[in-house]
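**Student:** One structure, as structure tokens, below. Some questions next.
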Amino acid sequence: MELTEKQKNCKWCHPGSDLKANFGVAWEGNALAFDNVDSPQVMSGGPYSGDITFDLDTNQLISYGESTDPTTIDVLYCPMCGRPLGGNEDG
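Residue numbers (my numbering): 9 to 99.
Next up, the structure:
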């Protein structure tokens, strides 16, 4: 699969991008800390009681709430650009 320009330059699914952060850094290694992100599309303190991260190593959205076990959701495509993730990049 050939990536579009939007997918090639997506700052939401490429670690080290210039994604702006409210505090700290948006990308920490291969994990995007949504609570740090300065964007109207991401709201901290929503229905979740803890930090929310997107981990590109595991391709999971992870919510750290009050329980000791985080809630995880597998993510197959970048929700911002639609780029396939987790080895699906080639088709």
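In this text, a Cβ means the ideal position worked out from N, Cα and C, and glycines have one as well.
Please read all numbers here as calculations on a predicted model, not as lab measurements.
1) Which word fits glycine 37, buried or exposed, when buried means at least 16 other C-beta atoms lie within 10 angstroms of its C-beta?
2) Buried or exposed for phenylalanine 62, please, with buried defined as at least 16 other CB atoms from any protein chain shown within 10 angstroms of its CB.
3) Applying the 10 Å Cβ sphere with the 16-neighbour rule, what's the burial state of valine 45?
4) Quickly, what does DSSP pair phenylalanine 62 with across the bridge? List them, please.
5) Can you tell me where the alpha helix (DSSP H) with glutamate 13 in it begins and where it stops?
6) Look up glycine 54 in the DSSP assignment and say whether it is helix, strand or coil.
7) Considering only the beta carbon of each residue, do isoleucine 60 and phenylalanine 31 sit closer than 7 Å?
8) Let me check one thing: in DSSP terms, what residues is alanine 29 bridge-paired to?
**Tutor:** Answer, in terms of the structure:
1) Glycine 37 should be labelled exposed.
2) Flag for phenylalanine 62 reads buried.
3) Taking all protein chains in view, the Cβ of valine 45 is crowded by 16 or more other Cβ atoms within 10 Å, so the residue is classified as buried.
4) In the DSSP output, where bridge partners are listed per residue, phenylalanine 62 has Leu40, Leu69.
5) Per DSSP, the continuous alpha helix (DSSP H) segment holding glutamate 13 begins and ends at 13 to 16.
6) Reliability fails at glycine 54, whose pLDDT of 49 lies under 50, so the model's placement of it is uncertain and no value is given.
7) Cβ distance not < 7 Å, so isoleucine 60 and phenylalanine 31 don't count as in contact.
8) When DSSP reads this structure, alanine 29 sits in a beta bridge with Val45.
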